[in-house]
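Novice: Heads up, the sequence shown is in our numbering, so the first residue is 14 and it goes up one at a time. Quick reminder that beta carbons are idealized off the backbone N, C-alpha and C, glycines included.
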Amino acid sequence: PHKILTIVRKGKYFALKGFQEAIDEMLKSREELFVRLSQPNYFEFTNSDVTKGTSLKKLIEKLGIYPRNVAYVGNGFNDIDALRLVGYPFIVGNAPKGIYREFDNEDSRRIINVPSNNHDGVAHAIKNLEKRGAYKSLY
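1) Using CA atoms only, rank isn't needed, just tell me which of A136, R49, R81 and G89 is closest to G100.
2) Whole angstroms are fine: how far does the CA of K140 sit from the CA of N88?
3) Can F103 and I125 be called in contact, C-beta distance under 8 Å?
4) Compute the Euclidean distance between the alpha carbons of A95 and Y85, then round it to the nearest angstrom.
5) Whose C-beta lies closer than 8 Å to the C-beta of E115 among residues of the same chain, with five residues either side of it excluded?
6) Sort R145, M39 and L98 by Cα distance to T67 and report the nearest one.
7) Per DSSP, P80 forms a beta bridge with which residues?
8) Could you tell me which of G134, L69, E45 and S51 sits nearest to D62, measuring between CA atoms?
9) Locate the beta strand (DSSP E) running through N131, then write down its first and last residues.
10) Less than 8 Å between the C-beta atoms of N54 and I17, yes or no?
11) Taking the DSSP output, what are the residues bridged to E57?
12) Alpha carbon to alpha carbon, what distance is there between E57 and K110?
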């Protein structure tokens with residue numbers, strides 16, 4: 014498998030805390046393992062070389078696109094490396110507030126906030142790109 018997703022039931026603080034402690038202990042001896050929270054109770058396990066950012070980087074290199082010309086819409090901690098990579102990093106309104114602490118000052122100034130994915134956040138990102146002249150609609 015390329016990714017394993019483990020979901021700990023929301024509202025079960027002690028189960029979540031115990032699971033996090035077990036993961037922290039396991040990570041001490043497994044350098045090739047990468048764990049990221051995509052939601053507060055969603056643990057994603059991948060090889061440390063496989064993230065959304067590394068995958069996106071390979072794709073844009075293969076296509077010959079400069080990262081500064083790429084937009085990315087993210088809503089979780091598993092999106093951070095991809096958001097850092099691109100020229101147009103969008104974060105939706107329902108992303109965890111702690112996500113902003115993952116960016117240094119330079120990266121945080123580039124972040125573009127859009128409404129939640131439940132309120133057409135991606136459509137707002139596309140409209141933002143159109144206003145900047147970075148994207149032209151075919152319609």
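Specialist: This is what the structure holds:
1) When each option's Cα is compared against that of G100, the closest is R81.
2) Straight across, the Cα-Cα distance linking N88 with K140 is about 18 Å.
3) In terms of Cβ geometry, F103 and I125 form a close pair [threshold 8 Å].
4) Put simply, the backbone Cα of A95 is about 7 Å away from that of Y85.
5) When the five nearest sequence neighbours on each side are left out, the beta carbons in the same chain lying within less than 8 Å of the beta carbon of E115 are those of F90 and I93, in order along the chain.
6) Comparing Cα-Cα distances from T67 to each of R145, M39 and L98, the minimum goes to L98.
7) For P80, which the question treats as bridged, DSSP gives no partner whatsoever.
8) Residue E45 is the option with its Cα nearest to D62.
9) Run containing N131: none; DSSP gives neither H nor E here.
10) Note that the C-beta distance between N54 and I17 is not below 8 Å.
11) For E57, which the question treats as bridged, DSSP gives the partners L18 and R49.
12) Taking the straight line joining both Cα atoms gives about 19 Å.
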